[in-house]
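Trainee:
Numbering (this note's numbering), first residue to last: 1 to 960.
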């Protein structure tokens, strides 16, 4: 229902304030009344049963979000089709009635729609959803997009050659998912789903089916389940609704249902009646966890105001219980790293009560005790008035923000809501109605009602599954030990929760304000520049991009570079350590309680070469954000227990990662690039966390954040410039500004030179990953940065076209790159390519062949046009984002570039030539200077033989 919609927007906690609008007088809500469909959306149904949703929405402008939703997923597969629901989804991009293979993706890229980033699809147990965002600046784009949707609905071609080519890509996707989670999941799912068919229908399917199915099995799935009575079309964006409805009817009225449709049945999940335990371990598991799953229950959205109210109660219950569990995680010798306990959906039609925890060094027993006893505490003794009041404030503020942003919400958010309505019957009354519901319903939810809800929701005595997952090691518990721990915890008496009284506000009184001593304006950029009496500077950009958002940033040179190598651990982790201990007199959890009902947050810390400040707030919570910022400079709250809890948690996480193939690979890449330099951006070994010193970390933090010297604070968002000035003078103008160093130090961190090749072994699955890193000195400029970025984008197009579509040797992967000015002019390009061990040499060779082709021939005109069009569209959308402006203004300050270049991006992009990209390829893809690291399985020969045997398995005959 609505809480899903609100979570899709801004969920920052904030104050329960009086409404910013006056709702008209209305009769009391009738709880058993059905929730109406809101006026913001037109919902219709064609005679053939296809449902459609149409909403005009102006954000982002000149863009339309289209979705084709099919109530058919892997649960409907026959035995010879396991994995083919997902395969059908892939084939939709491999040729349709009106688009030949590759023509569809190429066309969409040519109008600025990125493959993967924009154009996408997914298959789940019960549905398949196609995602098509379209620019609307040309009418023909919209018309053609509806043709694409129609083709997906009933015009997918299943050419035998295309099917066999796609097998390789999907098998690479299957390979990518292999590992500890996959191996453990296959053991766990039959228990989680309690023998249901869901455990046998994972969307990725079975490898032998994917290799050997006959094309007719694929066509049969499409023929049986892609039919209009199981489909919805969602249209949200910058479009005339009447025109959109006309296009829906034009393209989808012709779809026909089968003469004898197969019944669309939903698999049942039996309720568990017995109690049992299961222990599943793996040498490559990423951590240890425990789950207590209580019996599943059927759930259906009732669609009434009463059901909506019940959802609000459920949300308040979950928030209060989560707060209690979070408190335990911050205790010295905490029982777990983190935990949750709530009523949650297993599938759209079933939910169950679950309690789970990520385990710390103390293991499963204390975590189980804490989970069971906190649930019993809430069930037996309920919650307190203060807990409920805070939860209500946070809930109300989140809805207030959603209402404030009702005209500024992204079309994709609305599209997701209508998908849930079609698939799960989630109510869609619109945020105006929802906000009215919340204002009327939430104040009437009493403490007695919440406690009654806890008693009936938290299972007292029922069958349950107690599941332990973790690293394969001798001290893993047995199933009998898990059951004994649950039984012992259930017998232990529990007392009511002890709720301490906290301060009502962050600061007793504001500091003595400073003054604004200078002011200037930049009309071109819409900026006001202020200088305060303490020397701090402020750049203001009031915007109407959002109605309830303000973004803040500041940076200056210095950071970790100013401290010696022996202090690097203390410097690197000073931010996290200080944050883990809280602010002023308040622990982090106490601070969250004080800030209940506020949408405000601030982070400060030491980067490698800069000191950085970041913040965000709602429009009414700017003062709270500035108070938090002021307190960061006022001092550090020292808490040895919380420091120890943080170190213990990080140590355990690092210990659990040691056996991960990905961790070994990442370590090997950094080691090869930086040759053991103490400043290399590497992950720590578990024992290294014990070397971090609390007081030295605090001292380093205070050396940088006891002074605001040389800081320029940038604020963009929905604020009134006149109203914000006194707040800036009070909180920023009173910051201390004693003299401190404000220049960075070049610490000598440089990548290796020459060609370096390494191999690292890790993992038992037949999967490999290739990392190619090109680095070197370069002269920084905005123009050169643009040329390098264009090179990266063209390289990614080539990787998809050649390595994936032509060779079918990868599923994902790609290139990224950057050009930096600090601490010296340099560039870095990284290419990451997961593949099979038997294909490593071929993939590397093909990658370097594409690099050579770019160097010799440059990109073709179509490739470069795709990049340009996509960039220009993204830039136009970003110009309506506060964060984009703040990031660009911050970059201009730190890199000394022209801030007005944000207004010239389109001209700069259009001026790019193929020769620019070709020159960049020659300059940055230096084949005499790169690092190549390959991750191969532990036992290469065995993995290779498995892969070759699989490749040699008989495939379906073409056309059969």
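Even for Gly, the Cβ is constructed at its ideal location relative to N, Cα and C.
Keep in mind it's a predicted model, so treat the numbers as computed, not measured.
Can you tell me which of the three DSSP states residue 25 falls into?
Mentor: Note on residue 25: pLDDT 39, under 50, position unreliable in the model; no value is reported.
Trainee: Look up residue 679 in the DSSP assignment and say whether it is helix, strand or coil.
Mentor: If DSSP states are grouped into helix, strand and coil, residue 679 belongs with coil.
Trainee: So, for residue 558: in the same chain, excluding its five sequence neighbours on each side, which residues have a beta-carbon less than 8 Å away from its beta-carbon?
Mentor: Counting only Cβ-Cβ distances below 8 Å, and skipping sequence neighbours, we find 606, 609, 610, 611, 704, 740, 741, 742, 743, 744.
Trainee: May I ask you to report which of helix, strand or coil DSSP gives residue 353?
Mentor: Strand, per DSSP.
Trainee: Are there three or more Cβ pairs, one per stretch, closer than 8 Å when the region 177 to 189 is compared with the region 151 to 161?
Mentor: With the cut-off at 8 Å, the region 177 to 189 and the region 151 to 161 do not touch.
Trainee: Measuring only the C-alpha atoms, how far is residue 24 from residue 439?
Mentor: Reliability fails at residue 24, whose pLDDT of 35 lies under 50, so the model's placement of it is uncertain and the value that follows must be treated cautiously. Looking at the two C-alpha atoms, the distance is approximately 13 Å.
Trainee: Look up residue 466 in the DSSP assignment and give the residues it is bridged to.
Mentor: DSSP, once it has assigned bridges, lists 277, 292 as partnering residue 466.
Trainee: Beta-carbon within less than 7 Å of residue 177's beta-carbon, same chain only, minus the 5 sequence neighbours each way: which residues are those?
Mentor: Cβ neighbours of residue 177 beyond the five flanking positions: 204.
Trainee: Using a Cβ-Cβ cut-off of 8 Å (strictly less than) and excluding sequence neighbours within five positions of residue 503, which residues of its own chain qualify?
Mentor: Answer for residue 503: 585, 586, 594, listed in chain order.
Trainee: To the nearest angstrom, report how far apart residue 349 and residue 435 are at their CA atoms.
Mentor: One C-alpha to the other measures close to 26 Å.
Trainee: Just to confirm my understanding: we take residue 884, look at its own chain, exclude 5 residues before and 5 after, and list those with CB closer than 7 Å. What are they?
Mentor: Correct list, in chain order: 878.
Trainee: Under 8 Å between the Cβ atoms of residue 712 and residue 513?
Mentor: The answer is no: Cβ separation not under 8 Å.
Trainee: Closest by CA to residue 367, which one among 357, 825, 835?
Mentor: The residue with the shortest Cα to Cα distance from residue 367 is 357.
Trainee: Quick check on the DSSP output: the alpha helix (DSSP H) that includes residue 701 runs from which residue to which?
Mentor: Run containing residue 701: 694 to 705, per the alpha helix (DSSP H) assignment.
Trainee: For the alpha helix (DSSP H) that residue 588 lies in, which residues bound it at each end?
Mentor: It spans 588 to 594 - the alpha helix (DSSP H) in which residue 588 sits, taken as one unbroken run.
Trainee: Tell me the rounded alpha-carbon separation between residue 837 and residue 84.
Mentor: Near 26 Å, if we compare the C-alpha coordinates of residue 84 and residue 837.
Trainee: Residue 809 lies in the alpha helix (DSSP H); which residues open and close that run?
Mentor: No alpha helix (DSSP H) holds residue 809; DSSP gives it neither H nor E.
Trainee: Entirely within the region 187 to 269 and at least 3 residues each: give me those beta strand (DSSP E) ranges in chain order.
Mentor: Here the runs fully enclosed are 231 to 237.
Trainee: Measure the C-alpha to C-alpha separation of residue 519 and residue 538 and round it to an integer number of angstroms.
Mentor: Rounded to whole angstroms, residue 519 to residue 538 spans 10 Å at the Cα level.
Trainee: What ranges does the alpha helix (DSSP H) occupy inside the region 510 to 546, keeping only unbroken runs of at least 4 residues that lie completely in it?
Mentor: Counting whole runs of 4 or more residues, the region 510 to 546 contains no alpha helix (DSSP H) stretch at all.
Trainee: My parser needs the beta strand (DSSP E) runs of 3 or more residues fully inside the region 304 to 382; what are they?
Mentor: If we require 3 residues or more, the beta strand (DSSP E) runs fully inside the region 304 to 382 come out as 338 to 347, 350 to 358.
Trainee: Would you kindly work out how many angstroms separate the C-alpha atoms of residue 738 and residue 707, rounded to a whole number?
Mentor: Answer to the nearest angstrom: the Cα atoms are 6 Å apart.
Trainee: Mind checking residue 470: buried by the 16 CB within 10 Å criterion, or exposed?
Mentor: Per the 10 Å Cβ criterion, buried.
Trainee: Taking the C-alpha atoms as reference points, what is the distance between residue 700 and residue 359?
Mentor: Cα-Cα distance, rounded: 31 Å.
Trainee: Would you report the Cα separation of residue 696 and residue 570, rounded to the nearest angstrom?
Mentor: So the alpha carbons of these two residues sit roughly 7 Å apart.
Trainee: Alpha carbons only, please: which of 264, 407, 52, 260 is nearest the one belonging to residue 246?
Mentor: Nearest C-alpha to residue 246: 52.
Trainee: Helix, strand or coil: how does DSSP classify residue 566 here?
Mentor: Residue state, collapsed to three classes: helix.
Trainee: Helix, strand or coil: how does DSSP classify residue 760 here?
Mentor: Strand, per DSSP.
Trainee: Measure the alpha-carbon distance for residue 867 versus residue 913 and round it to whole angstroms.
Mentor: Whole-angstrom Cα-Cα distance: 11 Å.
Trainee: Can you tell me whether DSSP reads residue 110 as helix, strand or coil?
Mentor: It is helical.
Trainee: Starting from residue 770, follow its DSSP beta bridges and name the residues at the other end.
Mentor: DSSP lists 833, 934 as partners of residue 770.
Trainee: Our contact map puts residue 338 next to residue 451 with C-beta atoms below 8 Å; I'd like the distance itself, whole angstroms only.
Mentor: Their Cβ separation, rounded to whole angstroms, is 25 Å, which puts residue 338 and residue 451 out of contact at 8 Å.
Trainee: Is residue 191 closer than 8 Å to residue 465 when the C-beta atoms are compared?
Mentor: Their beta carbons are under 8 Å apart, which means residue 465 touches residue 191 by this criterion.
Trainee: Over what stretch of residues does the beta strand (DSSP E) that includes residue 714 continue unbroken?
Mentor: It spans 712 to 717 - the beta strand (DSSP E) in which residue 714 sits, taken as one unbroken run.
Trainee: Whole angstroms are fine: how far does the CA of residue 472 sit from the CA of residue 535?
Mentor: So the two alpha carbons sit approximately 58 Å from each other.
Trainee: Is it the case that the Cβ atoms of residue 540 and residue 552 are separated by a distance below 8 Å?
Mentor: Cβ distance not < 8 Å, so residue 540 and residue 552 don't count as in contact.
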